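Down below is the structure, laid out as structure tokens.
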Amino acid sequence: MIGAFGDVVFEVTDKKIQTFYDFKRAGEARWHDHDIIGGKPKSEFNGPGLDEITFVVLLKAEFGINPTKQLEKLRNMRDQGKAAPFILGGKPISKHYFSIQKMSEEYKIVDNRGNIIVAEVELELKEYVRSGVM
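With my numbering applied, the sequence shown closes on residue 410, and no number is skipped along the way.
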């Protein structure tokens with residue numbers, strides 16, 4: 277197993293290939309500048325910001341994946357606000373969970389019956405801090 281996000285498993289086996297590409301992770305620090313009369317502002321570190329990750333998942337029927345079902349699963353996670361750990365290499369990439377903020381679908385191949393044969397889905401996830409986890 278390469279990794280997982282909730283119920284979506286990224287793996288390469290002899291029966292199934294589902295993985296991602298163009299994985300990007302971004303984060304920032306939170307600072308506040310306090311104005312000082314007659315002087316330069318004083319900066320105060322307020323803590324870390326929330327990490328965001330983006331990546332693209334390729335869904336191909338010939339790789340043992342049902343693109344329609346996987347897209348529905350991801351849409352449900354997004355629409356229900358489900359937060360889940362993002363696992364990579366058997367370990368969570370953060371002690372916090374992530375939630376789908378944006379999802380963009382591109383249908384590359386659709387057959388003559390309207391079945392999605394190949395799709396790409398770009399996901400934008402944002403870190404979600406659960407209560408009790410600092």
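C-beta: ideal position from N, C-alpha, C; glycine also. Keep in mind that this is a model prediction, so the values were computed, not measured.
Proximal residues to Val-333 (C-beta, below 6 angstroms), its chain only, five neighbours per side dropped
Phe-296, Val-397
Which same chain residues end up closer than 7 angstroms to Arg-354 when comparing Cβ atoms and leaving out the 5 residues on each side of it in sequence?
Ile-376, Met-379
Can you check DSSP and say which residues form a bridge with Gly-279?
Phe-286, Leu-364
Is the CB-CB distance between Ile-369 and Ile-329 below 9 angstroms?
yes
Do Gly-323 and Arg-351 have their CB atoms nearer than 9 angstroms?
no
Beta carbon of Glu-400, beta carbon of Leu-347: below 9 angstroms?
no
Could you give the distance in angstroms between the alpha-carbon of Asp-298 and the alpha-carbon of Ala-395?
15 angstroms
If we ignore side chains and look at the alpha-carbon of each, how far apart do Lys-291 and Gly-282 end up?
21 angstroms
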